[in-house]
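These notes are about the structure you will find just below.
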Amino acid sequence: MSYGGAVLPSYPTRAGGAVTEKPATRHVVLYERSGCHLCDEVRVLLDAMLGHEAYERVDVDADDALVVRYGFRVPVVSVDGVDRLEAPMSASELRSLLG
3 MSYGGAVLPS YPTRAGGAVT EKPATRHVVL YERSGCHLCD EVRVLLDAML GHEAYERVDV
63 DADDALVVRY GFRVPVVSVD GVDRLEAPMS ASELRSLLG
């Protein structure tokens, strides 16, 4: 999740905030819907940063529970089951998250 442009780490840190360990693999999910131009923009960024096979794409409209959960809050990027960024998001926020 992003707060004022800062991205919270999704991996263990020391008390001082320095990263001590970063997981080798992460499960990245893009929650999106058809016809969403912001979703298209984020997908292009993720393809460039990770490659199109390195993350999962989920159409929220294909599941009633996801429609209730996300409503109009798409796109949303989740890492290891935690929603980390939602629209609007910048390329720099994605880079910081996925670094």
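With my numbering, letter number 24 in the sequence shown gets 26, and the count goes up by one each step, no holes.
Even for Gly, the Cβ is constructed at its ideal location relative to N, Cα and C.
Note that the structure is a prediction, hence the values are computed from the model and not measured.
{"Item": "Proximity of Ala-93 and Leu-52 at Cβ, strictly below 8 Å", "Value": "no"}
{"Item": "Proximity of Met-91 and Val-62 at Cβ, strictly below 8 Å", "Value": "no"}
{"Item": "Beta-carbon gap between Val-78 and Glu-88 smaller than 8 Å", "Value": "yes"}
{"Item": "Cutoff 8 Å; reference Arg-71; Cβ partners in own chain excluding five residues on either side", "Value": "Val-62"}
{"Item": "Residue burial classification, Arg-75 (beta-carbon count within 10 angstroms, cutoff 16)", "Value": "exposed"}
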